[in-house]
Amino acid sequence: MVDAFRSKEKIEPSAIMEKFELALENYAKFSFAAMIEYDCMMKAVSLYRYQRMYVEMEVRLGPSIVITLVNIWMTASQDLTTTQKRLYAQTRLHCIERLVGFRRKCSFFARLGVLFRLQISDGEQRTPQDYRVVYPVLYRTLPGYGIKENVREVPQDGILKGPVQLQIKALHEVYTAASRAELNEAAIRHICHLIQVYYDEMDPTLANRLFDDLQNLVRIKGSPPQLNQRISVPVGNIILPSIQLTRFPMVRELCLLADGCLFESVPVRLILPAANEGAAPARIKLIGVPRTPGLLTITGYCCEVFGVKNVCKLYGPKGPLKVEVLPSLAVLQLESSLPRAPIEEDQNEHNAEITVYSGQLFEHSLTVKNTSSSINIRKVRLQVWQPKVSGGPSMIELASEDADAAFSLAPEEEKSIKFRIFGIDPTATADDEGSTDEKIVETALPLASTLAETANDSEAHDLIPYTGRLLTCQFLFQYVADVDGPEGESYERSARLSIAVCVVPAVTVSAWHVLPGDGPFTRYIVVDVTNSTEHDAELVYSSNRRMNVLPKETCRVPLLSPCCSDVAGRAFHAATQKDSHMMQKLEVRYPMCIEDDNVEQQPSVEKLRATLELHVAKHLDIRWAIPAMNLEGLVPVGALLSSVSLLKQLVLPAISLDISVNGTPYLSEDDISVGIGEMVLIKVAVISSLEYDFDGILTLECYQEISNFFGSVDKTENLLIIGQRKVPFVVPKSPPHLSVTAPRCELSFHVMFRVEGIHKVRPQIVSRRANESLFSDEVFVSPVGFSVSTKAH
Numbered sequence: 001m002v003d004a005f006r007s008k009e010k011i012e013p014s015a016i017m018e019k020f021e022l023a024l025e026n027y028a029k030f031s032f033a034a035m036i037e038y039d040c041m042m043k044a045v046s047l048y049r050y051q052r053m054y055v056e057m058e059v060r061l062g063p064s065i066v067i068t069l070v071n072i073w074m075t076a077s078q079d080l081t082t083t084q085k086r087l088y089a090q091t092r093l094h095c096i097e098r099l100v101g102f103r104r105k106c107s108f109f110a111r112l113g114v115l116f117r118l119q120i121s122d123g124e125q126r127t128p129q130d131y132r133v134v135y136p137v138l139y140r141t142l143p144g145y146g147i148k149e150n151v152r153e154v155p156q157d158g159i160l161k162g163p164v165q166l167q168i169k170a171l172h173e174v175y176t177a178a179s180r181a182e183l184n185e186a187a188i189r190h191i192c193h194l195i196q197v198y199y200d201e202m203d204p205t206l207a208n209r210l211f212d213d214l215q216n217l218v219r220i221k222g223s224p225p226q227l228n229q230r231i232s233v234p235v236g237n238i239i240l241p242s243i244q245l246t247r248f249p250m251v252r253e254l255c256l257l258a259d260g261c262l263f264e265s266v267p268v269r270l271i272l273p274a275a276n277e278g279a280a281p282a283r284i285k286l287i288g289v290p291r292t293p294g295l296l297t298i299t300g301y302c303c304e305v306f307g308v309k310n311v312c313k314l315y316g317p318k319g320p321l322k323v324e325v326l327p328s329l330a331v332l333q334l335e336s337s338l339p340r341a342p343i344e345e346d347q348n349e350h351n352a353e354i355t356v357y358s359g360q361l362f363e364h365s366l367t368v369k370n371t372s373s374s375i376n377i378r379k380v381r382l383q384v385w386q387p388k389v390s391g392g393p394s395m396i397e398l399a400s401e402d403a404d405a406a407f408s409l410a411p412e413e414e415k416s417i418k419f420r421i422f423g424i425d426p427t428a429t430a431d432d433e434g435s436t437d438e439k440i441v442e443t444a445l446p447l448a449s450t451l452a453e454t455a456n457d458s459e460a461h462d463l464i465p466y467t468g469r470l471l472t473c474q475f476l477f478q479y480v481a482d483v484d485g486p487e488g489e490s491y492e493r494s495a496r497l498s499i500a501v502c503v504v505p506a507v508t509v510s511a512w513h514v515l516p517g518d519g520p521f522t523r524y525i526v527v528d529v530t531n532s533t534e535h536d537a538e539l540v541y542s543s544n545r546r547m548n549v550l551p552k553e554t555c556r557v558p559l560l561s562p563c564c565s566d567v568a569g570r571a572f573h574a575a576t577q578k579d580s581h582m583m584q585k586l587e588v589r590y591p592m593c594i595e596d597d598n599v600e601q602q603p604s605v606e607k608l609r610a611t612l613e614l615h616v617a618k619h620l621d622i623r624w625a626i627p628a629m630n631l632e633g634l635v636p637v638g639a640l641l642s643s644v645s646l647l648k649q650l651v652l653p654a655i656s657l658d659i660s661v662n663g664t665p666y667l668s669e670d671d672i673s674v675g676i677g678e679m680v681l682i683k684v685a686v687i688s689s690l691e692y693d694f695d696g697i698l699t700l701e702c703y704q705e706i707s708n709f710f711g712s713v714d715k716t717e718n719l720l721i722i723g724q725r726k727v728p729f730v731v732p733k734s735p736p737h738l739s740v741t742a743p744r745c746e747l748s749f750h751v752m753f754r755v756e757g758i759h760k761v762r763p764q765i766v767s768r769r770a771n772e773s774l775f776s777d778e779v780f781v782s783p784v785g786f787s788v789s790t791k792a793h
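FYI, the UniProt record's numbering numbers position 538 of the sequence shown as 538, with every residue one higher than the one before it.
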């Protein structure tokens, strides 16, 4: 008996499977035994499952299972009173595939079972309860097709895994079941899942139908669904995760989300462009207004896409954002006498505009008011931001010197600030073409020099400060409220008034040149003035001299200016000896920028720019008037005052030479007529402004000018000097304050010409000290012109 029992335990699985196959072969002969055959088949499948022979199970028994299912279907179709046999068969297969781990087949048989469950007889109708029964089954089949329940788990690169079209069909069946089961929130969530993940793979007709269904469901619900919240479905113990719609261009009610204190967010509506390759993300500004003090936490933002509310929370380094909201502080209100203008995007800022002609001067006022009824403003500081000019008046100037000093305002107190607007020159040429490369150039010949070559001056042609027509200025107020924080901190705010100044060219400077004046210490600044208007202009200069300028014409205005005795002749040369080019420009162009500690060490450097500008500006007063337009103003000369090459010619030269011919001072540029061999007496008075005795040698140079292009030719052999050709001299040092009685030394030369023609005679000075030399801009002398002919006139 024991041996027999042990022999039964050793039955091999193959022998058992042979018995199952024999039984299935016998059951197949009788159609009424389909259910018995199916149970036998399930037991055979279970045997393979227990032995973990999954592939053999599918290969050997798969066709038999299909035949058995067909027999059950045909048998059940003959008996229309029940569909339980069909549902039972699919349920058994679903359970077997689930135990084996074949998820896709498990989902297939579950969906097939749902089909049998929803089968009805003729004349019957499916009810929402029928779909409520099958909805949990369909929803749980989604993982079998590779569908992620949480959209956040879908790859961001847009590459979907698995049978995409089958996934769309399965998810659409779940949405349909939820919709017919009257589970509207679940249906909205599933339809959002479809269009968010599978929109690119959908048929356009299906996509449009889904959008229509979504709008209908939202309308039935009555309020925007909250996609950021999880949903608990009332059947099947199903919890649907949150979702975000991020791929559609039409966004409405986009606004900030905040906690901590009362916060009013301003909604925004957007229509975003298509996401092309390389397209930059669209940046927007979300506005919100806190209504109560406290700690405000910006948790994210929300929006509506197709009527569905979409919420985005800020996580990680970018959020949430915490902001301390202070109690109401004092606000500074700005009111100007200028007309308002929308010149900036921020409509809350105060903006104004004005149109002026170049050289016009207008006076305006600005009222500053503390709008708070209980809080003081203890410190108000004013800064004026405007285009920088190197010379001449600024575009904005305060009427009083203490207007930019800090002041306080009591509650509801106001203060008036007066200022002037000056139209600086926006152009640089008479035709006013608006090119940024236009320059106001010097047209005069260089001054006399003792050197053979003159060093190139990088500042010979200076740019006009600004050539644009529309310039912007700003009044920036920074103020501190009389409220202290919990830790004693103060709260500072700012308010600004932007002014757009449109400068129209009227009468402007187009060129300049410097000529000798009526003595060694004066110069003529000849200014080319252009009338850019369509009407006649009248100029008034040198107190009472008048000149008319036709429209679009240019005239030359001579202005006599004395040399500046406060700047030594070698001041510019000393400044250019600095280590760097930047330091040279700072000292020459902006000496007032030097720190106070350096003022005593370099007093002359500090005075260069400011002193020369103040000195020359007094003598560049040209007023214009256009009677036809009832306009008047000043010719803007800021471009001249910013020209270093002009200012260098108006400093007091180190050595000045005063020449007389035959006892008559030579003050003009006219040629003196003499004959060949005629004796001419030339007296040269050497005047020094140096702070030491100058010991030098004076000689006469004779040359002929050929043309401006070819220059001049040395003709010293044509001049016969009777006596010494090189005469030594000594000039005593200059007193602290130079006057007409400056130390001078007079030298005489008797000369005659050997050849007829136009000759120029120019004195040349050389220092007798080996370590001393004079530069071109340190000696001022005008050459004497002689018209030599066979007979004297």
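The beta carbon of each residue, even a glycine, is placed where N, CA and C say it ideally should be.
Outcome for residue i when other beta-carbon atoms lying within 10 angstroms are tallied against a minimum of 16
i, result
"residue 666", "buried"
"residue 431", "With a pLDDT of only 35 at residue 431, under the threshold of 50, the placement of this residue in the model should not be trusted; the figure read from the coordinates follows. Exposed is the call here."
"residue 179", "buried"
"residue 531", "buried"
"residue 521", "buried"
"residue 341", "exposed"
"residue 726", "exposed"
"residue 466", "Note that residue 466 has pLDDT 38, beneath the 50 cutoff, so the model's placement of it is unreliable and the number below is only indicative. Buried, by the Cβ-count rule."
"residue 643", "buried"
"residue 111", "buried"
"residue 687", "buried"
"residue 270", "exposed"
"residue 48", "buried"
"residue 730", "exposed"
"residue 714", "exposed"
"residue 707", "exposed"
"residue 250", "exposed"
Nearest-angstrom Cα separation, counted from residue j out to residue i
i, j, result
"residue 303", "residue 246", "10 Å"
"residue 608", "residue 523", "18 Å"
"residue 261", "residue 473", "39 Å"
"residue 45", "residue 118", "27 Å"
"residue 295", "residue 288", "15 Å"
"residue 695", "residue 766", "9 Å"
"residue 565", "residue 655", "13 Å"
"residue 779", "residue 551", "40 Å"
"residue 417", "residue 395", "16 Å"
"residue 468", "residue 265", "Caution is warranted here: a pLDDT of 43 is assigned to residue 468, below 50, making its placement in the model unreliable, and no coordinate value can be reported."
"residue 411", "residue 331", "10 Å"
"residue 370", "residue 414", "6 Å"
"residue 559", "residue 617", "11 Å"
"residue 424", "residue 359", "6 Å"
"residue 312", "residue 400", "55 Å"
"residue 144", "residue 138", "11 Å"
"residue 500", "residue 647", "32 Å"
"residue 363", "residue 653", "41 Å"
"residue 152", "residue 325", "34 Å"
"residue 238", "residue 201", "27 Å"
"residue 408", "residue 377", "6 Å"
8 Å contact criterion, which residue i and residue j should meet: CB distance rounded
i, j, result
"residue 189", "residue 115", "Contact flag wrong, Cβ pair sits at about 24 Å."
"residue 728", "residue 657", "Not a contact, Cβ separation roughly 16 Å."
"residue 391", "residue 641", "3 Å"
"residue 750", "residue 718", "At roughly 16 Å, the Cβ-Cβ gap does not stay under 8 Å, so residue 750 and residue 718 are not in contact."
"residue 199", "residue 255", "Between residue 255 and residue 199 the Cβ distance is about 25 Å, and since that is not below 8 Å, they are no contact."
Every unbroken beta strand (DSSP E) inside the stretch 652 to 719 [3 residues or more]: The DSSP assignment places 655 to 661, 672 to 675, 680 to 688, 694 to 707, 711 to 714 as complete runs of the beta strand (DSSP E) inside the stretch 652 to 719, in order along the chain (cut-off: 3 residues).
3-residue-minimum beta strand (DSSP E) runs that sit fully inside the stretch 533 to 572, ordered along the chain: Correct list: 537 to 541, 545 to 549, 554 to 562.
contact_flag[the stretch 386 to 394, the stretch 652 to 662] where n(CB pairs < 8 Å) is 3 or more: In the pairwise beta carbon analysis, the stretch 386 to 394 is classified as not touching the stretch 652 to 662: fewer than three pairs are separated by under 8 Å.
Stretch pair the stretch 667 to 675 + the stretch 783 to 791: three plus CB contacts closer than 8 Å: The stretch 667 to 675, when compared against the stretch 783 to 791, does touch it at the 8 Å Cβ threshold.
Three or more C-beta pairs below 8 Å linking the stretch 626 to 633 and the stretch 533 to 546: These segments touch.
Those runs of the beta strand (DSSP E) which lie wholly inside the stretch 241 to 275 and span at least 3 residues: Taking 3 residues as the minimum length, the beta strand (DSSP E) runs contained wholly in the stretch 241 to 275 are 250 to 259, 263 to 266, 268 to 271, in order along the chain.
Secondary structure, alpha helix (DSSP H): runs of 4+ residues fully inside the stretch 320 to 393: With a minimum length of 4 residues, no continuous alpha helix (DSSP H) run stays inside the stretch 320 to 393.
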